[in-house]
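S.K.:
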Amino acid sequence: MPERKRQVAVERRKQKQLTQGTNCRDDSTYSPEDERSIGHDDDGEWQTYLFANHMVFSFNSLFLVAVHIVATSTCTLPTSTMQDFTPQNIKLHPELLLHKKNPDEKITAFDGALGGLYDRFIVTTPNMHTLYAPPLGNNHIMYLRSDLQYGDDDPLSWPQPYVSQFCHFPVICSVLLNPSESHPDAPLYWLPGKTDFYEADSASECRGPGFLLHQKFVWLQNRVNLTVGHGKSMTFSEGAEDLKRRYTLLLHDLLERLQYLPMSLEKVQLSVRETQHVTLYLRALIDYMLIYKPRMDAVPDGSLSRKADHELMGAYTSDPQVVQSFFRAGIPVWIIRPVDQLPNIRIDRVEHFQEPRFFMSLDQHRAKFCPIFKGHGLSAEKYYAFDKFMRSNVRFPNVFTWTENGGSSPAVNPPVPVPSSSSSRRDRKMSPYARQGLNNHLPSSKWFVDRTPAHLFLLPLVAVWGHGLSNLVFDKARCIGSVGVKPRGYALPPPSCLTTAENPSKIHSMFKFWLCIRVPMIARLSSTLYLPALMDQNSWKTLVSLDYLGKATQQENSDTKAAKRRDRMREFLKGCCDEIEMDVGTAEKDSVFWRGKPYSELTATDFQEVVWEISELEFRLELAELDRMVRVAVPNHDTARETAVSRCFAGPITIADVGSANMGLAHPNWFDRAPYLCSLHQLMQTWAGTKPEIIAKDKKTWLWTESEIQQLEKEVAEYYVDTFFLHFGRPPVLPRYLLHNPCMPFIPTPRIRGQTTTPNVHADISKWE
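The sequence shown: position 352 = 352 (UniProt numbering), numbered continuously.
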C-alpha cells in the first residue's frame with residue numbers, strides 16, 4: 001500500500017509539471033476549496049450582517065451533490081476510461097469532456113450547457129453561452145490599468161469568484177456589453193478624454209487643473225441621479241439600507257467634487273471611474289434585493305426553468321448552494337471543479353475560454369499607481385482595499401505628516417500630550433484636565449494675544465472659537481516634540497497673509513496673484529502622486545508677494561522677472577509638474593476672475609469670500625490631521641473615520657463652497673449648529689488623553705438644551721485650540737463667517753434629524769449615524 005501511494009504521488013507531480021504554465025496566473029497553490037475558508041474581516045461586519053444566514057455552505061450541500069450524481073448517472077465508466085481523465089489526455093482528446101453529453105435532457109444547476117478544461121480544473125456553466133477564463137492564482141498584484149480599471153480583477157470588468165460579503169456584485173451590469181453612446185447606461189462606462197475637459201483658469205501661472213465639460217458632467221449626473229432616485233423609493237432590511245445610504249452619500253461627494261474641485265485630467269478621469277463604480281454597485285444592490293434575492297429565497301419549483309440574464313456579470317464558485325441559488329435566480333454562474341470530478345459531470349458542448357486580454361487593456365497606467373492589493377480573488381480583503389483606495393481620492397492627502405521641505409520622509413507623530421492647562425483666565429471650577437497650581441497668577445505673557453491687524457477683507461472668527469483662542473496658554477515649553485522650536489507650517493496661506501500690508505496696492509497685488517495661482521494651489525492638494533510642501537506664514541507671504549516684488553524691481557526686464565517667478569513656482573510645485581504644468585506665457589495677467597467675476601469688478605465682499613475659502617480649507621485640513629494624530633488607533637477603520645470627520649461640516653470636507661460659509665459650525669442659530677457640534681464632540685471622544693468632562697463622558701440623555709449646547713461649544717473650542725497647539729506648535733486656523741449672505745445657492749449634505757416631542761431641544765443621534 002505505501003508503494004502504491006508513492007506511485008500516485010509521483011504521477012500527480014508529473015501531471016502538475018505537464019500542466020504548469022498553461023495559464024498566465026500562478027495557480028500552483030490555488031484550490032476552489034479556498035473559497036470556503038475566507039473569514040470575515042472586522043471591516044466587513046456590516047456586509048456580513050446584511051446577508052447573514054444567506055448562502056451558508058453546509059454538509060447538506062454535499063448531500064445534494066451526491067443525490068444529483070446518483071440521479072443523473074446513466075452508466076458507470078470502465079476503470080480504464082476513468083484513468084484517462086487527466087489534464088494532458090483531455091487536452092489531446094477534448095471529446096472526453098462530452099462523455100455524459102445529453103442535450104435533449106433538461107439542464108440542472110450542476111450540469112454544463114458549456115464546459116471546458118482550464119488549467120487543472122473543469123469549468124462549466126448551466127446558464128451561460130460563453131466561458132470566461134477564471135482569475136486563478138493566489139498571488140495577484142492588483143493595480144489600476146491604463147483604462148483606470150483593475151483589469152480582470154475588477155468586478156465591473158470581468159466575472160469574479162463569489163464572495164459572500166459582496167454577494168450583490170454578480171448582478172452588476174457587465175461592461176463587456178460595451179454600450180454605444182446612445183445607450184441609457186453609456187455614462188456609466190465612458191471614460192472622458194481631453195475633449196471632455198477644460199482648464200479652470202487660463203490666466204493661472206500654472207496650467208493643468210480643470211473640470212469636466214458641463215454637458216458631460218450633467219450627462220453623468222443625470223444617470224447617477226436616476227439610480228439614486230430609484231434607491232430612495234425602496235426600503236430594505238437594516239443592513240442593506242445602511243449600505244444603500246453609504247453608496248448614496250459617497251456618490252453625492254464624488255459628484256460635488258467633480259463639479260467644484262479643480263483637478264488634473266487624470267484626477268477627473270479617476271473620479272469619473274469611481275463615480276461609475278459606486279453607481280453600478282448601488283444599482284446591483286437594488287436589483288439584488290428587489291429581484292434576485294426573493295428568487296433565491298423562494299421555494300424551489302422543479303417545473304420552473306429560468307434563463308440567466310446575459311447582461312449580468314455573474315460569478316465563479318465551487319459552492320453547490322451558491323450554484324443552486326444563482327441558477328434558480330437567473331444569475332450567470334460558472335462552476336470550478338477539480339478534474340477528478342469529471343466522470344460525474346455532464347457537459348453538452350465544449351467551448352474555448354475567452355481571455356481578458358481580448359476585452360480590456362491590461363497595461364499599467366502611465367502614472368504607475370502603487371499596487372492596491374496582493375492576494376487571491378476569493379478574498380473580501382480585495383474589495384476592502386479597492387474601497388479604501390477609492391475613498392482616499394475623495395479627500396485631501398495627509399499633508400501635515402510630511403516634512404516641511406516637501407520631502408517624502410514622513411514626520412513622526414508626537415506622543416499623546418499631557419493634559420492641557422486650564423483654559424480660562426477667570427476663576428472657575430476645577431476641570432478634570434487642568435493642572436494643579438495653574439491659575440490667574442500665570443504671567444500675562446503666557447496667554448495668547450492675536451496681534452493680527454484688523455482689515456476690511458479679514459473676516460471675524462466665529463465668536464466662541466475666538467474666545468477659545470484667547471484662552472490659549474501660549475507656552476511653547478508645553479508643546480510635544482520639536483514643534484515647540486519649529487512649528488508645523490500651513491498647507492495654504494494663513495488668512496492674514498493677504499491682508500497684513502500697509503500699502504493697499506500691495507494687498508491688491510497679493511490678492512490678484514493668489515487668484516492667479518489659486519486653482520493649482522488647491523488642486524495640488526489632490527494631485528495623484530504629490531505631497532505638498534508646508535510653509536510658515538512668512539514664506540507664504542513672500543510667495544503671494546512675488547508679483548508685487550517683481551514690479552518693484554525695475555532694473556530687471558519683464559522676461560527675467562517672469563522667469564524668476566516661474567522658477568519659484570516650479571520649485572514650489574516640484575513633484576507635481578506631471579499634472580500641473582507651468583505657463584511660459586507673459587507675466588502680466590489681465591484676465592483674473594473670482595467666481596466668474598473679473599478682478600477689476602471685485603468688491604470688498606468678494607475679497608472676504610476669497611479669505612473665507614482659504615481659511616475654511618485650512619481649518620478642515622488641520623482638523624482632519626489632528627484627528628489622525630490623537631485618536632485612539634483602530635485598525636482598518638480609516639473609511640469610517642473619514643466619514644466621521646466629514647460630518648462636522650455642511651458639505652464634503654474637500655470642498656469649501658462659499659454658499660456654505662454661514663452654515664455648519666458657523667451657523668448663527670444654535671439649533672442648526674448643534675448637529676455638527678455633536679458630530680465634533682463624538683469625534684473628540686475617541687481622542688487619546690484627558691478631556692473636559694463634558695466631552696469625555698456620554699450624556700445621560702440624547703436631548704440637549706440651548707444652554708447645554710453653548711457650554712459644549714465653549715469647551716470643544718477651547719479643547720481643540722489647546723490640543724492643536726500642543727501638536728503643531730502654533731495656534732490653529734479657526735472657523736470664520738461672512739458678514740453678508742452669499743448669493744451662491746448651497747444645499748448641505750443631507751442628515752438625519754432625531755425626532756422628539758420635547759420643545760426647544762436638539763436630539764443628538766451622532767453616535768448612531
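Virtual Cβ for every residue (Gly too), placed ideally from N, Cα, C.
Just so it is clear, the structure is predicted and the values come from calculations on it, not from any experiment.
1) In or out: Q324 buried (at least 16 other Cβ within 10 Å) or exposed?
2) Relative to the alpha-carbon of Q341, which residue among V544, L680, S318 has its alpha-carbon at the smallest distance?
3) Within 10 Å of its beta-carbon, does T86 have 16 or more other beta-carbons around it, so buried, or fewer, so exposed?
4) Grab me the residues of V175's own chain with a C-beta within less than 6 Å of its C-beta, minus the 5 sequence neighbours each way, in chain order.
5) Answer with buried or exposed for D722, where buried requires no fewer than 16 other C-beta atoms within 10 angstroms of its C-beta.
6) So L117 and L97 are supposed to be a Cβ contact under 8 Å. How far apart are they, rounded?
7) Rounded to whole angstroms, what is the Cα-Cα separation between I286 and P294?
8) Helix, strand or coil: which one does DSSP assign to M510?
9) Roughly how many whole angstroms lie between the Cα atoms of residue 770 and M313?
10) Would you say P668 faces chain E, with C-beta separation under 8 Å as the test?
11) From R620 to C516, what does the alpha carbon distance come to, in whole angstroms?
12) Measure the alpha-carbon distance for F110 versus P338 and round it to whole angstroms.
13) Using a Cβ-Cβ cutoff of less than 6 Å, which residues in the same chain neighbour N413 once the five nearest sequence positions on both sides are dropped?
14) Smallest Cα separation from M663: which of P300, P745, F474, K476?
15) Give me whichever residues DSSP pairs with I122 in a beta bridge.
16) Looking only at its chain, what residues have a beta carbon closer than 7 Å to the beta carbon of I655, apart from the 5 residues adjacent to it on each side?
17) With respect to the beta strand (DSSP E) encompassing E291, which residues constitute its N-terminal and C-terminal limits?
18) Less than 8 Å separating the beta-carbons of T756 and L703?
19) Hey, which unbroken runs of the alpha helix (DSSP H) at 4 residues or more fall wholly within the stretch 127-169?
20) In chain order, what residues of the same chain lie with their CB nearer than 7 Å to the CB of residue 837, ignoring the 5 residues before and after it?
21) Please name the residue or residues paired with R631 in a DSSP beta bridge.
22) Once you ignore the five residues that flank A308 on each side, which residues in its own chain have a CB closer than 7 Å to its CB?
23) Anyone know if the C-beta pair for L290 and T227 falls short of 8 Å?
24) Looking at V462: is its Cβ nearer than 8 Å to the Cβ of Y737?
25) I need the straight-line Cα distance from F593 to P184, nearest angstrom please.
26) Assign V234 to buried or exposed, taking buried as 16 or more other Cβ atoms, counted over all protein chains shown, within 10 Å of its Cβ.
27) Quick check: is any heavy atom of the ligand COA less than 7 Å from the C-beta of G115?
28) Just how far apart, CA to CA, sit N760 and R673?
29) Could you pull out every unbroken alpha helix (DSSP H) segment of at least 4 residues lying fully inside the stretch 678-761, listed in chain order?
30) What's the call for F358, buried or exposed, on a 16-neighbour Cβ count within 10 Å?
31) Can you grab the Cα-Cα spacing for the pair C648 / S660, in whole Å?
32) Let me confirm a value: P134 is counted as buried when at least 16 other C-beta atoms fall within 10 Å, else exposed. Which label applies?
33) Is the CB-CB distance between G754 and K476 below 8 Å?
34) Rank L265, K597, I141, E181 by C-alpha distance to the C-alpha of A523 and give the top, closest one.
35) So, using beta-carbon positions, are L362 and P371 closer together than 8 Å?
36) Using 8 Å for Cβ pairs, my map puts P732 next to E622. What's the rounded Cβ distance?
M.R.: Based on what the coordinates show:
1) buried
2) S318
3) buried
4) L156, S157, Y189
5) buried
6) 7 Å
7) 12 Å
8) helix
9) This structure cannot speak to residue 770, because the chain is shown only from 1 to 769.
10) No chain E is present in this structure, which holds just one protein chain.
11) 23 Å
12) 14 Å
13) A caution first: N413 carries a pLDDT of 35, below 50, which makes its placement in the model unreliable, though a value can still be read off. Result list for N413: M629, in chain order.
14) P745
15) L117, R337
16) E256, R257, Y260, L261
17) Residue identity check: residue 291 is Ile in the sequence provided, not Glu. Where I291 is concerned, there is no enclosing beta strand (DSSP E), given that its DSSP letter is neither H nor E.
18) yes
19) none
20) A query on residue 837 cannot be resolved here, the shown segment of the chain reaching from 1 to 769 and no further.
21) W687
22) N127, M128, G330, I331, P332
23) no
24) yes
25) 37 Å
26) Going by the sequence as given, residue 234 is Met instead of Val. Label assigned to M234: exposed.
27) No copy of the ligand COA appears in this structure; indeed no ligand is present at all.
28) 14 Å
29) 693-696, 706-728
30) exposed
31) 13 Å
32) buried
33) no
34) L265
35) no
36) 5 Å
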